[in-house]
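Below you'll find the structure, written out as C-alpha cells, and then a few comments.
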Amino acid sequence: MNSLGPHANFIVVAYLVAIVVVASLIAWVWLDYQAQRRALGELEKRGVKRRSRRKA
Amino acid sequence: MALIDLANPTRFLSLTDRVLPWLATATALVVIIGAYMTATAPDDYQMGATVKIMFLHVPTAWLAMFCWALMSVAALGTLVWRHPLADVAAKAAAPIGAALTLVCLITGSLWGRPMWGTYWVWDARLTSVLVLFLLYLGVLALYWTAEDPNRGARAAAILVLVGAINLPIIKFSVDWWNTLHQPASLMRLGGSAIAPTILHPLLVMAFAFFLLFFTLHLAAMRNEILRRRVRSMRMMKAQRA
Numbered sequence: 001m002n003s004l005g006p007h008a009n010f011i012v013v014a015y016l017v018a019i020v021v022v023a024s025l026i027a028w029v030w031l032d033y034q035a036q037r038r039a040l041g042e043l044e045k046r047g048v049k050r051r052s053r054r055k056a
Numbered sequence: 057m058a059l060i061d062l063a064n065p066t067r068f069l070s071l072t073d074r075v076l077p078w079l080a081t082a083t084a085l086v087v088i089i090g091a092y093m094t095a096t097a098p099d100d101y102q103m104g105a106t107v108k109i110m111f112l113h114v115p116t117a118w119l120a121m122f123c124w125a126l127m128s129v130a131a132l133g134t135l136v137w138r139h140p141l142a143d144v145a146a147k148a149a150a151p152i153g154a155a156l157t158l159v160c161l162i163t164g165s166l167w168g169r170p171m172w173g174t175y176w177v178w179d180a181r182l183t184s185v186l187v188l189f190l191l192y193l194g195v196l197a198l199y200w201t202a203e204d205p206n207r208g209a210r211a212a213a214i215l216v217l218v219g220a221i222n223l224p225i226i227k228f229s230v231d232w233w234n235t236l237h238q239p240a241s242l243m244r245l246g247g248s249a250i251a252p253t254i255l256h257p258l259l260v261m262a263f264a265f266f267l268l269f270f271t272l273h274l275a276a277m278r279n280e281i282l283r284r285r286v287r288s289m290r291m292m293k294a295q296r297a
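Chains as they are written, first to last, in this note's numbering: chain A, 1 to 56; chain B, 57 to 297.
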C-alpha cells in the first residue's frame with residue numbers, strides 16, 4: 001500500500017465522510033424496513049386486513 | 057414473469073425479496089475489490105495520493121446526476137401515466153441521491169483544498185452541483201411535509217422535471233464556461249485521458265457505487281410500499297372505529 005503523502009488528512013477525511021454517509025443510508029433503510037414490518041404485524045394481529053386479502 | 061407484472065406492488069415486493077440478497081452480496085464483493093484496487097493504485101504524477109479521492113468523488117458525482125435522471129423518468133410516470141410504482145421509485149431515490157450528492161460535494165471540496173488551494177469557488181460546475189443538492193432537499197421537503205401524499209407526489213414530480221434542466225448544465229458547465237473544475241477526462245471525444253492504472257480502480261469503484269445505489273433503492277422502494285400499506289390499513293381501521 002502506498003503512503004498517503006503530505007495530504008493524507010484530506011484523503012482520510014474524504015473516506016471517513018463517505019463511509020459514515022453510506023453506513024447511515026444502509027442503517028436508515030434497514031431500520032425503516034424493521035419499523036414497517038413491525039407496524040404491519042401489529043395491524044394484522046389486531047385483525048386489520050388489506051382489501052385484496054379480504055377478497056381472497 | 058412479464059415486465060408488466062412488476063407494475064403490481066405485491067409482485068414487485070416478491071421480486072425484491074428474491075433479488076435483494078444477491079444484489080447486496082454482489083455489492084459487498086465489488087466494494088471489497090474496489091477498496092483493494094483503490095488502496096494499491098499508484099499515485100498520480102501531479103496530484104500524488106490525493107487522486108484516491110477521485111475514486112469516491114467521480115462515482116458519487118455520476119450517481120448524483122443518474123439518480124435525478126431516474127427520478128425524472130419516474131416523475132413522468134407519476135404525472136402522465138399515474139403508475140403506482142413511479143412515485144414510490146422517485147420518493148425512495150430522493151434521500152439516496154441527496155446523500156450521494158453531499159458526498160460528492162464534500163469529497164470535491166476536500167480534494168480542491170490541496171489541489172486548488174481552496175475548499176470552494178463559485179464556478180459553474182461546483183455551483184450547479186450545489187443547486188442539484190438544494191433541489192434534492194426541496195423534493196424531500198415536499199414529500200415529508202405534504203399532508204396529502206398524492207398532492208405532495210405531484211408537486212415533487214413537477215419540481216423534479218423542472219430540476220432536470222440542471223443536468224445538462226452540470227455536464228456541460230466545464231465546456232460552456234471558464235471553470236476552475238477540470239473538463240471531462242473520461243467521457244470525451246478521443247477516449248479517456250486517464251492512465252489505465254488509475255482508470256481501472258475508478259471504473260470498479262463506480263460499478264460498486266452503482267450496485268450500492270440499486271441495492272439501496274430497491275430496499276427503499278420495498279419500505280415505501282410497506283409504508284403505504286400500513287397507512288391504508290390504519291385508515292381502514294380508523295373508518296371502522
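Using N, Cα and C, we set each Cβ at its ideal position, and we do this for glycine too.
Query, Result
"Compile a chain-ordered list of the residues in the stretch 119-145 of chain B whose CB is closer than 7 Å to at least one CB of chain A.", "none"
"Tell me the DSSP secondary structure of Gly104/B in three-state form.", "strand"
"Contact criterion: CB-CB distance below 8 Å. Does Val286/B meet it with respect to chain A?", "yes"
"Evaluate Met1/A with the Cβ neighbour count: other Cβ atoms within 10 Å of its Cβ, from every protein chain shown; 16 or more gives buried, anything less gives exposed.", "For Met1/A, the predicted structure reports a pLDDT of 47, less than 50, and the residue's modelled location is therefore unreliable. A value from the coordinates is still provided. Label assigned to Met1/A: exposed."
"Can you give me the C-alpha to C-alpha distance between Pro239/B and Ile19/A, rounded to a whole angstrom?", "27 Å"
"Would you identify the three-state DSSP class for Met1/A, choosing helix, strand or coil?", "Below a pLDDT of 50, predicted positions are generally treated as unreliable, and Met1/A, at 47, falls in that range; the measurement from the model is reported next regardless. Residue state, collapsed to three classes: coil."
"Check each residue of the stretch 157-176 of chain B: if its Cβ is closer than 8 Å to any Cβ of chain A, include it; give the result in chain order.", "Leu158, Val159, Ile162, Thr163, Leu166, Trp167, Arg169, Pro170"
"Beta-carbon of Leu4/A versus every beta-carbon of chain B: anything under 8 Å?", "yes"
"So that I know if they touch, is there some Cβ in chain E lying closer than 8 Å to that of Met261/B?", "In the structure shown, chain E does not exist; the protein chains are A and B."
"Take the Cβ of Tyr199/B as the centre, count every other Cβ of all protein chains shown within 10 Å, and call the residue buried at 16 or more, exposed below.", "buried"
"For Leu258/B, which option in Met110/B, Asp231/B, Leu79/B has the closest C-alpha, if you only look at C-alpha atoms?", "Met110/B"
"Taking the alpha helix (DSSP H) that Leu85/B belongs to, which residues open and close that run?", "65-96"
"Any idea what DSSP makes of Tyr15/A, helix, strand or coil?", "helix"
"What are the boundary residues of the alpha helix (DSSP H) that includes Leu135/B?", "Per DSSP, Leu135/B belongs to no alpha helix (DSSP H) and is neither H nor E."
"What does a CB cutoff of less than 6 Å around Thr253/B pick up in its chain, not counting 5 residues either side in sequence?", "Pro98"
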